[in-house]
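Chemist: Please find one structure pasted underneath; my questions will follow.
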Amino acid sequence: MIGSWLKWCGGRPAPGPLAALLLALTAAACAEPVEWTGQAGNDWFQPGNWSPARVPRAGDSVVAAAAGTIALTNATPRLASLDLQAGTVVVSGWNSALRADTVVIAGTITHADNLTDAPDAAGAWVPQHRVLLEGSNITIAAGGIVDADFKGYRRGKGPGVAAGWASGAGHGGEGGFGNGRPGGPATGHIHAPWQPGSGGGTNASYRTQSGEGGGAVRIVAEGHLTVNGTISAKGRGYYGTHGSGGSGGSIWITCRTLAGGASGLLQVNGGGGRYYGGGGSGGRLAVQFDPAAQGALADPVPDIRFEGTPGAITSENRETFPAGMGTLSLSDTLLLGNRLTNRRLVDVQLAVPGWTVWEPGSLMIDDCSIGLQEGVDLAVTGDLVVTNGGRLHLFAAPVADRLATPGARVDVAGDLRIDAGSWVLPTAHPTNGATVALSVGGNLRIAAGGGIDADRRGYTRGHGPGTPRASRTDGGNGAGHGGHGGMGFGGVRWGDAYGDAAWPIDAGSGGIVLPPGNWNAGRGGGSIRLTVAGEAELQGTLTARGGHAWSPTHGGGGSGGSILLVCRTLRGSNSGVLSVDGGQGTGG
1 MIGSWLKWCG
11 GRPAPGPLAA
21 LLLALTAAAC
31 AEPVEWTGQA
41 GNDWFQPGNW
51 SPARVPRAGD
61 SVVAAAAGTI
71 ALTNATPRLA
81 SLDLQAGTVV
91 VSGWNSALRA
101 DTVVIAGTIT
111 HADNLTDAPD
121 AAGAWVPQHR
131 VLLEGSNITI
141 AAGGIVDADF
151 KGYRRGKGPG
161 VAAGWASGAG
171 HGGEGGFGNG
181 RPGGPATGHI
191 HAPWQPGSGG
201 GTNASYRTQS
211 GEGGGAVRIV
221 AEGHLTVNGT
231 ISAKGRGYYG
241 THGSGGSGGS
251 IWITCRTLAG
261 GASGLLQVNG
271 GGGRYYGGGG
281 SGGRLAVQFD
291 PAAQGALADP
301 VPDIRFEGTP
311 GAITSENRET
321 FPAGMGTLSL
331 SDTLLLGNRL
341 TNRRLVDVQL
351 AVPGWTVWEP
361 GSLMIDDCSI
371 GLQEGVDLAV
381 TGDLVVTNGG
391 RLHLFAAPVA
401 DRLATPGARV
411 DVAGDLRIDA
421 GSWVLPTAHP
431 TNGATVALSV
441 GGNLRIAAGG
451 GIDADRRGYT
461 RGHGPGTPRA
471 SRTDGGNGAG
481 HGGHGGMGFG
491 GVRWGDAYGD
501 AAWPIDAGSG
511 GIVLPPGNWN
521 AGRGGGSIRL
531 TVAGEAELQG
541 TLTARGGHAW
551 SPTHGGGGSG
561 GSILLVCRTL
571 RGSNSGVLSV
581 DGGQGTGG
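Each residue of the sequence shown is one higher than the last, beginning at 1 in my numbering.
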C-alpha cells in the first residue's frame, strides 16, 4: 500500500492519520527528472537544451552533469531539486534566482560583470547582477564554487571608489592610501550586505591600472546550509604600475542552521596595489542563523573558514595607512566558540546586532586574525592566549571624555599570554582620540617576537591636541606629545606638548603638510593602557610609534603615543622593548 501511494500523483488524499505523510512524499515521488544536455546552446530557457525537451517546471528534479556553460537570465520556478554536478551557471540579472527545495552545487555558479557607470538620479549606485540561491536545504559540495570574484564595479566606479587615482577602494573598511591620498570610504551594510565591491582609483593617465571589485552573493536556505566548497567575492588587484586594488564584495547568507568542514571557505578579500597603488579593503560577510536550532546540533561550531583580507601593497608604496579588513556579521557569538584555530577567521572584524560585550569563558586565538566591532568590550573569565601568528584587533569608539572613559575595554580575569609572532593591536579613535584599556587579573606573558602593537594607531593626520595649527604659509610641521614637534618648511608653529608624564594614556597626534588639506603627513602612535594584577613578563614588544610622513615634500611626522604599564612585579630581558618614537618628516 505505501509503495502504491509513492507512485500516486492525484489530488489530495482523504483526511486521515497518514495524510500529512502522503502529501510530503508525493512531491518527491512525482518529481520528473530533467537533465541538461546543452544541445541547442547555453540558454536555460531553451527547451532543446533539456531531456526531455522542455524547460524545467516547478517540482522537477533537475540534473546538470555535463561540462559547459548554462546562461540563466531569469528566475527558475521552485524545483524539487537541483543537482549541479559539473559545468558553470552564469547568472544575469539581480533577481534571477536558482530555486529548489534541495540544492547541491558541485560545479560553479557565477554572475555577469556589473557595468554600472554612474549613480542614479538619487545618487545611489545600483548594481545589475548577483548570484541568488533560494531553497530549503542547500549544499556547496567540496570542489563546488560560488564564484563572484572580480564581478563588482569596474575600476573608478562604485560607492567605495577613491578620489585619488592610485588609492584603493573601500567596502568593509576604508581603502588603502595611494600616492599620499586617502582610499575609498567604507560603505554598505554590516548586517545585510548586498552591494558589490568597488573598483580601484583611476584617472586619464592610469585608467587601466586598477582592479575591479568583488561581486555579490545572496543565499537563502529555509532549513540547513552545508558549505564544504568555496563561496568567493574577491576584489581584483592591480593590472599595472601604480594600479590600486578593488574592494571585496558581499556574501549574505540566511539559514536556519549551518554546517561544513575545513574545506569550506567564504572569502571577500580585497585586491592588492602596486608601487604607489593602495590596496582594496576586505568586503562584507553576514551569516544569519537560528541560535537555538544551531545550538541543538551535535557540532554547533562548524570548521568553515571566513576571510576578509585587505589587499597588500608592494614595498615601493611607503604609505603607512593600509586598507581595512572586511566585516563578518553573525546572529550571535555561538559560531565563534572559544578556540579560534586553523585560520578559521582571517582578517574579519566581527559584528553582532546589539553587541556591546563578548564574554567567552576562555579564549585562544591560534593562527587567526580577528577584530571586534568599534566600542565592543571583551570580558574573558578565564585566560586569553594569542598564539601561532594570531592577531586581536581592538577599536575604540568615540567618548565624551577620552581621559576619563575608555572607548573599549579588554578585561581578562585569568592570564594574558602573547606568543612569538602574535599580536594584540589596540586602535584609538582617529579623530576623537578615545583609547582601549586592557586589564589582566592574573599574570602577563609576552614572548620575544610578539607583543602589543599600537604603531600609527592614534589620531589621524591633522587631528589631535598636538597637531600643529596651520596657516597657508605653514609647512610640514611635526606633531607634539611628550615634547613639541619639529618645525617644518615655512612653519610658524610646531605641535605642542600635551598629556601627563606620570599617567600617560593619550594617543599621539597626526602631523600636517603644506599645503593644508593634503594627506601626506604621518599618523600619531596609539595608546597602550595595561593594568596587570600579578607579574608582567616582557620578553617582547610594547610599541606605540608615530607614523612617518609619506610625501617627499613638506610632510610632518606623527607624534609617538603612550605606554602605561601598571603591575605588581616586572621582569624581562634585553629582548623586551618599549617604544613611543615619533615619526619622521620629509622634505623640510
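Glycine is no exception: its CB is placed at the ideal position from the N, C-alpha and C atoms.
Tell me whether the segment 95–110 and the segment 71–84 touch, counting them as touching only if at least three CB pairs, one residue from each stretch, are closer than 8 Å.
Modeler: yes
Chemist: Could you check if VAL566 is buried or exposed, using at least 16 other CB atoms within 10 Å of its CB as the buried criterion?
Modeler: For the purposes of this step, residue 566 is taken as the residue at position 566 of the sequence shown. Classification of VAL566: exposed, given that the 10 Å Cβ count is below 16.
Chemist: Relative to the alpha-carbon of THR102, which residue among GLY511, MET364, PRO196, GLU222 has its alpha-carbon at the smallest distance?
Modeler: Walking along the sequence shown from the start, residue 102 turns up at place 102. Of the listed residues, the one whose Cα sits closest to THR102 is GLU222.
Chemist: Tell me the DSSP secondary structure of THR333 in three-state form.
Modeler: For the purposes of this step, residue 333 is taken as residue 333 along the sequence shown, with counting starting at 1. In the structure shown, THR333 sits in a helix (DSSP, three-state: H, G or I).
Chemist: When burial is assigned at 16 or more other CB atoms within 10 Å of the CB, is PHE45 buried or exposed?
Modeler: Within the sequence shown, the letter at position 45 stands for residue 45. PHE45 should be labelled exposed.
Chemist: Hey, could you find the ends of the beta strand (DSSP E) GLY572 is sitting in?
Modeler: Position 572 of the sequence shown, counted from the first residue, corresponds to residue 572. Element bounds for GLY572: 569–572.
Chemist: What separation, rounded to the nearest whole angstrom, lies between the Cα atoms of GLY637 and ALA413?
Modeler: With the chain covering only 1 through 588, there is no way to say anything about residue 637.
Chemist: Along the beta strand (DSSP E) that carries GLY451, what are the first and last residues, could you check?
Modeler: Position 451 of the sequence shown, counted from the start, is the residue given in the question as residue 451. Counting along the chain, the beta strand (DSSP E) containing GLY451 begins and ends at 451–453.
Chemist: Return helix, strand or coil for ASN203, following the three-state DSSP convention.
Modeler: Position 203 of the sequence shown, counted from the first residue, corresponds to residue 203. Residue state, collapsed to three classes: coil.
Chemist: Are ILE313 and GLY279 close, meaning C-beta to C-beta below 8 Å?
Modeler: As a first step, residue 313 must be located in the sequence shown, where it is residue number 313. As a first step, residue 279 must be located in the sequence shown, where it is residue number 279. Yes.
Chemist: Let's test the definition: count the other Cβ atoms within 10 Å of the Cβ of GLN209 and tell me whether it reaches 16, buried, or not, exposed.
Modeler: Within the sequence shown, residue 209 is the residue found at index 209, counting from 1. Buried, because 16 or more other Cβ atoms sit within 10 Å of the Cβ of GLN209.
Chemist: LEU394: buried (16+ other C-beta within 10 angstroms of its C-beta) or exposed?
Modeler: Locating residue 394 in the sequence shown gives position 394, counting from the first residue. By the 10 Å Cβ count, LEU394 comes out buried.
Chemist: In whole angstroms, what separates the C-alpha of ARG181 from that of ALA497?
Modeler: Locating residue 181 in the sequence shown gives position 181, where the first residue counts as 1. Locating residue 497 in the sequence shown gives position 497, where the first residue counts as 1. If you take the alpha carbons of ARG181 and ALA497, they lie about 28 Å apart.
Chemist: Determine the contact status of GLY511 and GLY478, defining contact as a CB-CB distance below 8 Å.
Modeler: Sequence index remark: in the sequence shown, residue 511 carries index 511 (1-based). Sequence index remark: in the sequence shown, residue 478 carries index 478 (1-based). Result yes, Cβ atoms of GLY511 and GLY478 sit closer than 8 Å.
Chemist: Looking at the strands, I want to know which residues DSSP matches up with CYS255.
Modeler: Taking the first residue of the sequence shown as position 1, residue 255 is located at position 255. According to DSSP, CYS255 bridges with ALA221.
Chemist: Which one of ALA233, GLY249, THR226 has the shortest CA to CA distance from LEU258?
Modeler: By 1-based counting over the sequence shown, the position of residue 258 is 258. Among ALA233, GLY249, THR226, the Cα nearest to that of LEU258 belongs to THR226.
Chemist: When DSSP labels each residue in this structure, what does PRO426 get in the three-state scheme?
Modeler: For this step, residue 426 is matched to residue 426 along the sequence shown. It is a strand residue.
Chemist: Measure the beta-carbon distance from ASN342 to ASP383 and round it to whole angstroms, keeping in mind my assumption that it falls under 8 Å.
Modeler: Sequence index remark: in the sequence shown, residue 342 carries index 342 (1-based). Sequence index remark: in the sequence shown, residue 383 carries index 383 (1-based). Going by Cβ atoms, the distance from ASN342 to ASP383 rounds to 20 Å, so no, they are not a contact pair.
Chemist: Name the DSSP beta bridge partners of MET364, please?
Modeler: Counting from 1 along the sequence shown, the entry for residue 364 is found at position 364. ARG339, VAL385, per the DSSP bridge assignment.
Chemist: TRP593 to PRO159, Cα distance in whole Å?
Modeler: Past the boundaries of the shown model lies residue 593; the chain is included only from 1 to 588, so the question cannot be answered.
Chemist: On the premise that GLY282 lies in contact with GLY240, defined as a C-beta separation below 8 Å, what is that separation, rounded to the nearest angstrom?
Modeler: Here residue 240 refers to the residue found at position 240 of the sequence shown. Here residue 282 refers to the residue found at position 282 of the sequence shown. Incorrect: roughly 23 Å between the Cβ atoms, too far for contact.
Chemist: Where does PRO406 fall in DSSP's three states?
Modeler: Position 406 of the sequence shown, counting from 1, holds the residue named residue 406. The answer is coil: DSSP assigns PRO406 none of H, G, I, E or B.
Chemist: Does DSSP classify ARG137 as helix, strand or coil?
Modeler: Here residue 137 refers to the residue found at position 137 of the sequence shown. Per the sequence presented here, residue 137 reads as Asn, with Arg not at that position. Strand.
Chemist: In terms of residues, what are the limits of the alpha helix (DSSP H) holding ALA31?
Modeler: Position 31 of the sequence shown, counting from 1, holds the residue named residue 31. That residue, ALA31, is in no alpha helix (DSSP H); it is neither H nor E in DSSP.
Chemist: Let me know if ALA331 comes out buried or exposed under the rule of 16 or more other beta-carbons within 10 Å of its beta-carbon.
Modeler: Against the sequence shown, residue 331 aligns to sequence position 331. Note on residue identity: the sequence assigns Ser, not Ala, to residue 331. Under this definition SER331 is a buried residue.
Chemist: Consult DSSP for GLY326 and reduce its assignment to one of helix, strand or coil.
Modeler: Numbered from 1 along the sequence shown, position 326 holds the residue referred to as residue 326. If DSSP states are grouped into helix, strand and coil, GLY326 belongs with the strands.
Chemist: Using beta-carbon positions only, say whether TRP252 and ARG305 come within less than 8 Å of one another.
Modeler: In the sequence shown, the residue the question calls residue 252 occupies position 252. In the sequence shown, the residue the question calls residue 305 occupies position 305. Taking 8 Å as the Cβ cut-off, TRP252 and ARG305 do not qualify as a contacting pair.
Chemist: Which residue or residues does DSSP assign as beta-bridge partners of THR230?
Modeler: Taking the sequence shown and counting its residues from 1, the one referred to as residue 230 is at position 230. According to DSSP, which records beta bridges pairwise, THR230 is partnered with ILE145, LEU265.
Chemist: Out of curiosity, what's the CA-to-CA distance linking LYS611 and GLY214?
Modeler: The question about residue 611 has no answer, for the chain in this structure spans 1 to 588.
Chemist: List the endpoints of the continuous beta strand (DSSP E) containing GLY371.
Modeler: Counting from one through the sequence shown, the residue named residue 371 turns up at place 371. Segment 369–372, the beta strand (DSSP E) holding GLY371.
Chemist: For GLU537, does the count of other Cβ atoms within 10 angstroms reach 16, so buried, or fall short, so exposed?
Modeler: Reading the sequence shown from its first residue, position 537 is the one you call residue 537. Result: buried.
Chemist: Measure how close the beta-carbons of ALA439 and VAL410 come, nearest whole angstrom, since I'm counting them as under 8 Å.
Modeler: Sequence index remark: in the sequence shown, residue 439 carries index 439 (1-based). Sequence index remark: in the sequence shown, residue 410 carries index 410 (1-based). For clarity, residue 439 is Ser in the given sequence; the question names Ala instead. So it is a contact: roughly 7 Å between Cβ atoms.
Chemist: Report, in whole angstroms, the separation of the C-beta atoms of SER198 and GLY184, which I expect to be a contact under 8 Å.
Modeler: Reading the sequence shown from its first residue, position 198 is the one you call residue 198. Reading the sequence shown from its first residue, position 184 is the one you call residue 184. Rounded, the Cβ-Cβ distance is 6 Å, consistent with contact.
Chemist: Just to confirm before moving on: does the CB-CB distance between ASP419 and VAL380 stay below 8 Å?
Modeler: Here residue 419 refers to the residue found at position 419 when the sequence shown is read from its first residue. Here residue 380 refers to the residue found at position 380 when the sequence shown is read from its first residue. In this structure, VAL380 does not lie closer than 8 Å to ASP419 by Cβ.
Chemist: Pull up the distance between the alpha-carbon of VAL62 and that of TRP50, whole angstroms please.
Modeler: Position 62 of the sequence shown, counted from the start, is the residue given in the question as residue 62. Position 50 of the sequence shown, counted from the start, is the residue given in the question as residue 50. When rounded, the distance between both Cα atoms is 10 Å.
Chemist: Note down, in chain order, each residue of its chain lying with its Cβ closer than 6 Å to the Cβ of GLU359, except the 5 sequence neighbours on either side.
Modeler: Against the sequence shown, residue 359 aligns to sequence position 359. Closer than 6 Å at the Cβ level, and outside the excluded window around GLU359, lie ALA379.
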